[in-house]
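Below is one structure, written out as structure tokens, with a few remarks after it.
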Amino acid sequence: MLYVRSCVLRVKNGSRNNWHIHHGAVADEAFAHLSLSVPVEGDSVNGNYKVYYKKLLSIIEALRKELNAPDIPIIIGGLGDFLGKEGFGKRCTEYNFINQELEKFAFEQDNCYFVTASGLTSNPDGIHIDAISQRKFGLRYFEAFSNKQHVLEPLINENELLNVNYARPHTKTENIYMISLDFALGKISYDEFQSQFMQISKG
Numbered sequence: 001m002l003y004v005r006s007c008v009l010r011v012k013n014g015s016r017n018n019w020h021i022h023h024g025a026v027a028d029e030a031f032a033h034l035s036l037s038v039p040v041e042g043d044s045v046n047g048n049y050k051v052y053y054k055k056l057l058s059i060i061e062a063l064r065k066e067l068n069a070p071d072i073p074i075i076i077g078g079l080g081d082f083l084g085k086e087g088f089g090k091r092c093t094e095y096n097f098i099n100q101e102l103e104k105f106a107f108e109q110d111n112c113y114f115v116t117a118s119g120l121t122s123n124p125d126g127i128h129i130d131a132i133s134q135r136k137f138g139l140r141y142f143e144a145f146s147n148k149q150h151v152l153e154p155l156i157n158e159n160e161l162l163n164v165n166y167a168r169p170h171t172k173t174e175n176i177y178m179i180s181l182d183f184a185l186g187k188i189s190y191d192e193f194q195s196q197f198m199q200i201s202k203g
């Protein structure tokens, strides 16, 4: 069983000074199978990369202590190379320095693995990765976790793996989500939604 909890770290206002462990999330872990913790955050404040390593180390040490899980694997995702160019990401010009600190941390700390965001693309806002890239990032994360190794280059079979996923039949839950979205966007009427929902439910 793989249980991914990505919200243990809480960051306010994009500042490293506000990094802390969210104790509610930690408490939740007591009732779950804990296998993986994934911190991924950038910083729009220039110069903060210089204290990234120290602050991340204090967070990870505290996290492992709170969870009583000293050997929990930590998968650290890098920042995309689309940053610093446009939209809200235009000010994030030091992402390369941050990536260097994250990579250094993963190389030097036990049970820590770095996953590159190289080649991923953003939404129009210029700061968040788009849906396709999220799936590719997920494949890289799984590669790092399952093999307990860094992923420093895009996987050579990412597109093939995504195509296999796209080709599979949608689940009942996925189909209900899609018609719910169509209804919310006004693409189908309530009667059409109800009819399709009943048909999916029977299947």
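The UniProt record's numbering numbers the first residue of the sequence shown as 1 and each following residue consecutively. In this text, a Cβ means the ideal position worked out from N, Cα and C, and glycines have one as well.
Straight across, the Cα-Cα distance linking residue 135 with residue 177 is about 18 Å. Residue pairing by DSSP places residue 122 opposite 129 in a beta bridge. Residue 101 holds the alpha-carbon nearest to the alpha-carbon of residue 48 among 111, 150, 101.
Distances from the alpha-carbon of residue 107 to those of 125, 152, 166 put 152 closest. Distances from the alpha-carbon of residue 50 to those of 95, 164, 165, 120 put 95 closest.
For residue 76, the enclosing beta strand (DSSP E) begins and ends at 74-77.
Counting the other Cβ atoms within 10 Å of the Cβ of residue 201 gives fewer than 16, which makes it exposed. Residue 119 and residue 181 have their C-alpha atoms roughly 29 Å apart. If the five residues before and after residue 86 are omitted, its C-beta is found closer than 7 Å to the C-beta atoms of 126, all from its own chain and listed in chain order. Straight-line measurement puts the Cα of residue 123 at about 36 Å from the Cα of residue 70.
Approximately 16 Å separates the beta-carbon atoms of residue 59 and residue 113; this is outside 8 Å, ruling out the contact. Rounded to whole angstroms, the gap between the alpha carbons of residue 82 and residue 117 is 10 Å. In this chain, the alpha helix (DSSP H) harbouring residue 164 covers 158-167.
Per DSSP, the beta-bridge partners of residue 113 are 75.
If the five residues before and after residue 137 are omitted, its C-beta is found closer than 8 Å to the C-beta atoms of 77, 115, 117, 120, 129, all from its own chain and listed in chain order. Take the alpha-carbon of residue 187 and the one of residue 194: they are about 13 Å apart.
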